[in-house]
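Shown next, in structure tokens, is the structure this report addresses.
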Amino acid sequence: MTKLNFKLFLLAMSFLSMHAFAETESKSTDAYSVCVDETIQELGLGNINNAVVDICSHKTKTLYAKQIVQVLDQIKKQSQEYQQPERYSDIMKSQQLWKSFVEQECRNAGAYIGSPMYEYCPMQKYGERLEQLQEYLN
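Mature numbering (1 follows the signal peptide of the UniProt record, and there is no 0) puts the sequence shown at residues -22 to -1, 1 to 116.
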């Protein structure tokens, strides 16, 4: 019973933090926050809910995934220019390992915290990975 209460507490806290984040960042260019605001307005909702989290997390993750592919293409080109094929090869190996990690980590989060994490967690991880890969270009 205590474990169930703890899970419910964590789930409630994650929703509150997501809602607070969406409200405080509503004016930013963050894709997730913009999507949350637009979706709430389009659906005529008063606040964020699981459906909004799911829709916007998926949409933002897809955006990040496309940007990751673009950055990986730039890294490939840069590696060819600098005659460092092993650099690109190593990054692609780590990319495959990273994908496996994210899938398992977010499955764990979803099972422990709740269903919104199945989409929200990968979105967060993809955003972090995008930033990391962009650093490799500099």
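Every residue gets a Cβ at the ideal spot worked out from N, C-alpha and C, and that includes glycine. Just so it is clear, the structure is predicted and the values come from calculations on it, not from any experiment.
For R85, which residues from the same chain have a beta carbon less than 8 Å from its beta carbon, with the 5 sequence-adjacent residues on both sides left out?
Indexing the sequence shown from 1 puts residue 85 at position 107. If we look at R85 and ignore the five residues flanking it on each side, its Cβ neighbours are Y96.
Sequence-distant residues of its chain with Cβ nearer than 8 Å to E113 (five each side left out):
Within the sequence shown, the letter at position 135 stands for residue 113. So the list is empty, once near-sequence residues are dropped.
For the alpha helix (DSSP H) that contains G24, what are its first and last residues?
Reading the sequence shown from its first residue, position 46 is the one you call residue 24. Note, G24: premise wrong, no alpha helix (DSSP H); not H, not E.
For the putative contact between Y42 and L115, defined by C-beta atoms under 8 Å, what is the C-beta separation to the nearest angstrom?
The residue you call residue 42 lines up with position 64 of the sequence shown. The residue you call residue 115 lines up with position 137 of the sequence shown. That belief does not hold up - the Cβ atoms of Y42 and L115 are roughly 16 Å apart, past 8 Å.
What residue range does the alpha helix (DSSP H) around N116 cover?
In the sequence shown, the residue the question calls residue 116 occupies position 138. First-last for N116: undefined, no H or E at that position.
CB of I18 within 9 Å of CB of L111, strictly
Counting from one through the sequence shown, the residue named residue 18 turns up at place 40. Counting from one through the sequence shown, the residue named residue 111 turns up at place 133. No. Outside cutoff.
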